[in-house]
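Chains as they are written, first to last, in this note's numbering: chain Z, 33 to 320; chain Y, 915 to 1148; chain D, 285 to 657.
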Amino acid sequence: MLVPQLINGLTQGSLYALIAIGFVIIFGTMNLVTFAHGEVYMAGAFVGAFAMSLWHLPWFVALVMGMAAAWVLGFLIEKVAFRPLRTAGHMPPLLITIGLSIILKDLAVVLFGAENRPVPSIYEQTVRLAGVQVSVLQLVILGLAGTLFLVLRLVIQGTKIGRAMRATAQDHEAASAMGVNVNRVFSIAFALASCLGGAAGVMIGIYYNAVYPTMGGTAGLKGFAACIFGGLTSIPGAILGGIIIGVVENLTVQFLASGYRDVVAFLVMVIVLVLRPQGLLGRKLKTV
Amino acid sequence: MLELRGVSTRYGPVQVLWEVSLTVGEGELVCLLGGNASGKSTTMKTILGLVHPVRGEVLFRGRPIHRDTPAQVVRAGIAPVLESRRIFPQLTVYENLLMGAYTRTDGPGIRQDIEAVYERFPVLRERRGQLGGTLSGGEQQMLAIARALLARPRLLVMDEPSMGLSPLYVEKTFEVIQDLNRQGIAILLVEQNANMALAIAQRGYVLQTGRIVLADTAQNLVNHPMMRKAYLEL
Amino acid sequence: MKTKMVPMLLTLFTLLLVAAPVAWSAESIHIAVSAPLTGNFAEYGQNWQKAISMAVEWINAAGGIKGRPLEIVYGDSKSDPKDSAALAQKFTSDNRIVAEIGDFSSTASMAAQPIYDRAGMVQLSPTTSHPKWAPGSPWSFGIVGTQAGEGPFMARYAIERLGKKRIAVLHINNDWGIASKEYFVNAATEMGAQVLGVESYFETEKDFTGVLTKLRGLKPELIYVPSFYNEMALISKQREKLGWTDVVVMGPGSLYSPKLLELGGNSVNGLYTSAVFFPNDPRPEVQKFVKGFEAKYKATPNMFAGVAYDAINLMAETIRKVGTDRKAIRDELVKTKNFPGVTGKIAFTERRDVVKDYRHLVVKDGQFTLFDK
Ligand SMILES: Nc1ncnc2c1ncn2[C@@H]1O[C@H](COP(=O)(O)OP(=O)(O)O)[C@@H](O)[C@H]1O
Ligand SMILES: [Mg+2]
């Protein structure tokens, strides 16, 4: 049962990683933390769920719609909560995103009800790989997450806007002096981060067959933990952090009990941070 | 070419520049001198559009640019060499150069210009795949200048390019500046190192707590009693 | 003469009929109902209210209780222990009220319990199933059955009816789930089954892949899952996706809800459960209730409507026998041995709760059906 548990952990962890990367992109470029990221993920999940269960669209269309919706929502959040307060320090945007997260959650309760909303199953088959029975859906999710990591890497490393994002992250005044429209970069970074969160939301909905208004709470926390775990500003670190949290959780279920999964996952995180305050792949301090 | 007319700039409630006026002519090398916190960098940022003046105007080739975004200023032909170099430490040398060409869209032209700066600074070609942060201070300064050149500027605005460099690289930096100026690029050189700046500049301004207190030819400034007292005693 | 008399008599009759509800000669008998009419559990409270109103209508249409109409005083507790206690104060100090029905959850019922106990008024809860509840006061009664009865019933179902001996348990980690698990595991062990492992999950859990993978490693023939339809749907779907098909899934009557079928789809086919109330039950009292409810409310009654209907009828029957004295009602209620409820026969144990006759159910082609093998 160890190999199936590892696959469970890997699948779940890759979705945490997608959320975590969102925090990394936002923190990396803007030096700010958003508390509404979990709710953006929830919104993406709902759009994906509706696309599949109400409008009977294929899952990949649902995925694209969920990502698009999250993109738009992220774009708006940046405009409303971050843009006007760019020079106001860390606290005001933080408080605004806490408020936004509550509003979005309550809005979802009012609009959709507090109950689980079912998401249709896809890929219910399993395959045998090297003697182990593996769920096709898990493979699909792993493949999708991997693809998104790759695409993201290509965008950030290989495109002009990706380069502008990295430059802005390192020194936004210098980037601005080079002619980079820093506001636009922030907008795009926030939207991109949100879009990945939305993708994770749609996939989680499909994976567990349920979406619900409060789903962003723990997911946001886990994603944030994975981001800190991986060093706050490192995308590979966030991926590693997400996967470690996912795997540790499932091993905890296997060898301890289901109820301890979050406790052990956060405990491991605390231990890593005590030993390596900069996170797994983080640098000591960002030089400005 | 560049003209500041009665420019006043403030950071929130704190006014830093008071009616600063200066000009840089076509192909001219002008230095802006002044002690610490006198407002030299703020003057630069105002020109570059990083901050906007509350009063007065900045004209470049006859067109007001003081409401423009930094991108528009760069496109108009002004490129910055920022204080303490400010290269992007986690981008490669090559990527840093590309950032200098950020507002340009002419791919072949950019490649050609990168070749040209590699010719001028062979060390950058050698290190093109290395992260900017791993270069020595002097190499970073060369990169900062090269990056600015990638914008194909008519005017370079340089903020204390000699600061923190070894004497050898200070020497080299001033050579490069002179060289660029001889090729026809106008330069506004902000310096605390008044001796060396006045040695290569044609004209100079002296800024004191945000006001221009002296404006003259380099020669006259070197001989000015106030200058001798305040800035040239090394 | 004759021709004049007919319209006159008809008019008189009509007047009497129309005026009937207000034309009672005698004073009403008041029964209080403490229920969640708003809030999170409003759905359940409203089911009660529908069933009780219908029963009262029928009773009064048939002449009330010895000529006196029955009247319900509703109180909205939101199933919150603070509110149910406050309502208990209000009801017990109202001299017109002879007995109370409620509350919905164990917590709300038990918070009000000492107040009814001190005042000496019957508190009959249609739904409280905590084994400690009814024994807590001589004035407390429960008619929904307890896990102490359901656990052994389900164990017998699994072991004797289905012949499954290797069993694992996955339960929700709250008072109810723990009690459910205890009674089932104890009974199953006594009956000679092997309980291979017990796992639990928190109410908010949505990811069951880990815990299912673990249980699968134990190779059980049957997993018993004390849970609610929401999680059961997820558990079933995720189990299916993991390809774990060589196992029988069973859970207590909490799963008996159309929502389970709606949410679980194909994955809940073959799931075994039980019910105290099954609308397709051919017994006449059940069919009378179901038909009446459907005609009035255009919906099939569920278990919550069923137990509330039984509660009010049992109360009315008792008052019919002994009158409106609070103490007399209690003393008569205790003796109930053979009341034919729509949720089964009601006979109080000495703890003043009941051992229900559960129905064996299995999900077949997306429907709950009676299991009769
Ligand atoms: N971003 C800023 N916000 C507030 N005050 C600033 C800012 N930048 C510079 N100043 C103040 O403006 C004055 C001039 O600074 P600066 O232009 O950097 O001087 P210099 O470059 O001549 O040393 C200083 O008193 C400095 O503290
Ligand atoms: Mg300065």
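Beta carbons: idealized from backbone N, C-alpha and C, even for Gly.
For residue i and residue j, which I take to be in contact (beta-carbon distance under 8 Å), what is that distance rounded to the nearest angstrom?
i	j	result
D:Arg-604	D:Lys-334	Not confirmed; about 23 Å, so no contact.
Y:Leu-917	Y:Gln-1116	Checking the sequence shown, residue 917 of chain Y turns out to be Glu, not Leu. Between Y:Gln-1116 and Y:Glu-917 the Cβ distance is about 16 Å, and since that is not below 8 Å, they are no contact.
Z:Thr-43	Z:Gln-157	Wrong, their Cβ atoms sit about 16 Å apart, outside the cutoff.
Y:Phe-1002	Z:Ala-140	40 Å between Cβ atoms; not a contact.
Z:Ile-238	Z:Ile-154	6 Å
Z:Val-151	Z:Ala-242	6 Å
Y:Met-1110	Y:Leu-1128	18 Å between Cβ atoms; not a contact.
D:Pro-365	D:Thr-391	5 Å
Z:His-69	Z:Phe-55	6 Å
Residues of chain Z with CB closer than 7 Å to the CB of residue i, please, in chain order.
i	result
Y:Arg-1000	Asp-203, Ala-206
D:Lys-521	Ser-153, Asn-241
D:Ala-463	Correct list: empty, because the minimum Cβ distance to chain Z is about 17 Å.
Beta-carbon of residue i versus every beta-carbon of chain Y: anything under 8 Å?
i	result
Z:Val-142	no
Z:Val-300	no
Z:Arg-195	yes
Z:Arg-198	yes
Z:Lys-316	Confidence in Z:Lys-316 is poor, its pLDDT being 46 and thus under 50, which makes the residue's placement too unreliable to answer from.
Where DSSP assigns a beta bridge to residue i, which residues make up the other side?
i	result
Z:Pro-150	Z:Ala-242
D:Lys-648	D:Gln-651
Y:Glu-971	Y:Arg-919
D:Ser-318	D:Gly-359, D:Gly-386
Y:Val-934	Y:Val-921
Y:Asp-1073	Y:Val-1104
Y:Arg-977	Y:Phe-974
D:His-455	D:Ser-484
Quick check: is the beta carbon of residue i nearer than 8 Å to any beta carbon in chain Z?
i	result
Y:Gly-949	no
Y:Thr-1048	no
D:Phe-486	yes
Y:Arg-989	yes
D:Thr-411	no
Y:Pro-1081	no
Y:Tyr-1016	yes
D:Ala-579	no
Y:Met-1072	no
D:Leu-539	no
Y:Met-918	Checking the sequence, you will find Leu at residue 918 of chain Y rather than Met. No, its Cβ sits nowhere closer than 8 Å to a Cβ of chain Z.
D:Ala-517	yes
Let me make sure I understand the geometry here. Which of the options has the alpha-carbon closest to that of residue i?
i	options	result
Y:Ile-961	Y:Gly-949, Y:Leu-931, Y:Asn-950	Y:Leu-931
Z:Pro-124	Z:Thr-179, Z:Leu-64, Z:Ala-140	Z:Leu-64
D:Leu-598	D:Pro-410, D:Gly-329, D:Gly-323, D:Pro-436	D:Pro-410
Z:Lys-137	Z:Leu-288, Z:Ile-193, Z:Gly-252, Z:Lys-192	Z:Gly-252
D:Val-646	D:Gly-628, D:Met-534, D:Leu-547, D:Met-516	D:Met-534
D:Ala-559	D:Ile-399, D:Gly-435, D:Ala-583, D:Ile-443	D:Gly-435
Y:Glu-933	Y:Thr-957, Y:Glu-940, Y:Ala-951	Y:Thr-957
D:Lys-362	D:Val-406, D:Arg-500, D:Phe-325, D:Gln-397	D:Phe-325
D:Glu-569	D:Phe-623, D:Arg-610, D:Lys-582, D:Phe-492	D:Phe-623
Z:Gly-311	Z:Cys-259, Z:Glu-281, Z:Arg-293	Z:Cys-259
D:Ala-463	D:Ala-396, D:Thr-430, D:His-314	D:Thr-430
Y:Ser-1076	Y:Ala-1144, Y:Pro-1067, Y:Leu-1103	Y:Leu-1103
Does residue i come within less than 8 Å of chain D when only Cβ atoms are used?
i	result
Z:Pro-150	yes
Z:Pro-36	yes
Z:Ala-289	yes
Z:Asn-282	yes
For a contact meaning CB atoms closer than 9 Å, what does residue i contact in chain D?
i	result
Z:Leu-169	Lys-525
Z:Gln-165	Leu-526, Gly-527, Trp-528
Applying a beta-carbon distance threshold of less than 8 Å, which residues of chain Z neighbour residue i?
i	result
Y:Glu-997	What Y:Glu-997 touches in chain Z: nothing, since even the nearest Cβ is about 10 Å away.
D:Asn-457	Gly-291
Output, in chain order, the set of chain D residues within a Cβ distance shorter than 8 Å of residue i.
i	result
Z:Met-33	Thr-497, Lys-498, Arg-500, Gly-501
Which residues of chain D have a Cβ atom closer than 7 Å to the Cβ of residue i, listed in chain order?
i	result
Z:Val-285	Gly-494, Val-495, Lys-498
Z:Glu-71	Per Cβ cutoff of 7 Å: no residues; Z:Glu-71 is ~16 Å from chain D at best.
Z:Gln-44	Asp-491
Residue i touches chain Z at which residues, Cβ-Cβ below 9 Å?
i	result
Y:Thr-983	Ser-208, Gly-211, Asn-213
D:Glu-466	Simply none; closest approach about 17 Å.
Y:Pro-967	Near Y:Pro-967 there are no residues of chain Z at all, since even the closest Cβ is about 17 Å away, more than 9 Å.
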